[in-house]
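Participant:
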Amino acid sequence: MSNSENIPPVGKSPDILDETANAGEIVEAVSESAKPTKQRSVAKSAGIVSAFVMLSRVFGLVRETIFAGYFGVGPARDAFIVAFRIPNLLRDLFAEGALSVAFVKVFTEYQVNVSEKEAWRLAALVFNALAVVLSGIVVLGIILSPYLVAIIGKDFSPEKAELASWLTQIMFGFILFVSLSAVAMGVLNT
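In my numbering, the protein residues as written are 1 to 190.
(1) Just checking my contact of Val-183 with Val-126 at CB under 8 Å: how many whole Å lie between their CB atoms?
(2) How big is the Cα-Cα spacing for Val-62 and Glu-118?
(3) Can you confirm whether the region 153 to 166 touches the region 88 to 98 when touching is taken to mean that 3 or more C-beta pairs between the two stretches lie within less than 8 Å?
(4) Between the region 81 to 88 and the region 164 to 181, do at least 3 Cβ pairs fall closer than 8 Å?
(5) Less than 9 Å between the beta carbons of Thr-190 and Val-104, yes or no?
(6) Classify Ala-68 as helix, strand or coil using the three-state DSSP reduction.
(7) Which term fits Met-54, buried or exposed, when burial requires 16 or more other beta carbons within 10 angstroms of its beta carbon?
(8) Just to confirm, is the Cβ distance from Pro-87 to Met-171 under 9 Å?
(9) Give the DSSP-derived three-state secondary structure of Gly-73 in the structure shown.
(10) For a test of the three-state rule: what should DSSP assign to Gly-186, helix, strand or coil?
(11) State yes or no: is the C-beta of Leu-89 nearer than 8 Å to some heavy atom of the ligand SAH?
(12) When the distance is taken between beta carbons, is Ala-79 closer than 9 Å to Phe-156?
(13) Please state the DSSP three-state secondary structure of Ser-115.
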């Protein structure tokens, strides 16, 4: 009897009671049957993430269309764009930038090479440190918003600058929540 006759077809579990099959063949058969499932799972996950990224882009287009229809062209629109630009720059850095990518890589390495417990300990440490640092940045951003607006909106009238500063103060808080959500999403996607 050849070795290939002892290995069950992919997707079928080996007959443990079969005396001709040894432990190595059983492990090999089980691991071979698991490979296509894992590849399909990764492909399915990538497809789902891609679909949601595409959906977010469509919603972004809808947002911009509604924004243009609501604000039109004028001082309120200018103030909003300046107010949104400052926190959005920091969102790109913390939530979708190198920090998020680096964290996912290190978290995955900890899961594979160290231990699951240490990986979760690292996640908690990063999450808490990021919350403290970003809270400080948010408070500073709120306090310094008139100066930040003055740098970006140099030619603003005093009324437009005041509106932009007020909107910046309102929007600065979202950096904290979006960045922490990005870390949580990175953990959940590993």
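We treat Cβ as the ideally placed atom computed from N, Cα and C, and that holds for glycine.
Facilitator: With the structure as the only source:
(1) Counting from 1 along the sequence shown, the entry for residue 183 is found at position 183. Counting from 1 along the sequence shown, the entry for residue 126 is found at position 126. With a Cβ gap of about 6 Å, Val-183 and Val-126 count as contacting.
(2) Position 62 of the sequence shown, counted from the first residue, corresponds to residue 62. Position 118 of the sequence shown, counted from the first residue, corresponds to residue 118. Each residue's Cα considered, the two are about 42 Å apart.
(3) Inter-segment contact for the region 88 to 98 and the region 153 to 166 is absent: fewer than three beta-carbon pairs are separated by less than 8 Å.
(4) These segments touch.
(5) By one-based count along the sequence shown, residue 190 stands at place 190. By one-based count along the sequence shown, residue 104 stands at place 104. Taking 9 Å as the Cβ cut-off, Thr-190 and Val-104 qualify as a contacting pair.
(6) Position 68 of the sequence shown holds residue 68. Ala-68 falls in the helix class under three-state DSSP.
(7) Position 54 of the sequence shown holds residue 54. That one is exposed.
(8) On the sequence shown, residue 87 is found 87 positions in, with the first residue counted as 1. On the sequence shown, residue 171 is found 171 positions in, with the first residue counted as 1. Result yes, Cβ atoms of Pro-87 and Met-171 sit closer than 9 Å.
(9) Indexing the sequence shown from 1 puts residue 73 at position 73. Strictly speaking, residue 73 in this sequence is Val, with Gly absent from that position. Note: Val-73 maps to coil in three-state DSSP.
(10) By one-based count along the sequence shown, residue 186 stands at place 186. In this structure, Gly-186 counts as helix in the three-state DSSP scheme.
(11) This structure simply doesn't include the ligand SAH, nor any ligand for that matter.
(12) Looking up residue 156 in the sequence shown gives position 156. Looking up residue 79 in the sequence shown gives position 79. Here Phe-156 is near Ala-79, since their CB atoms are less than 9 Å apart.
(13) The count along the sequence shown starts at 1 and reaches residue 115 at position 115. In the three-state reduction of the DSSP assignment, Ser-115 falls in the coil class.
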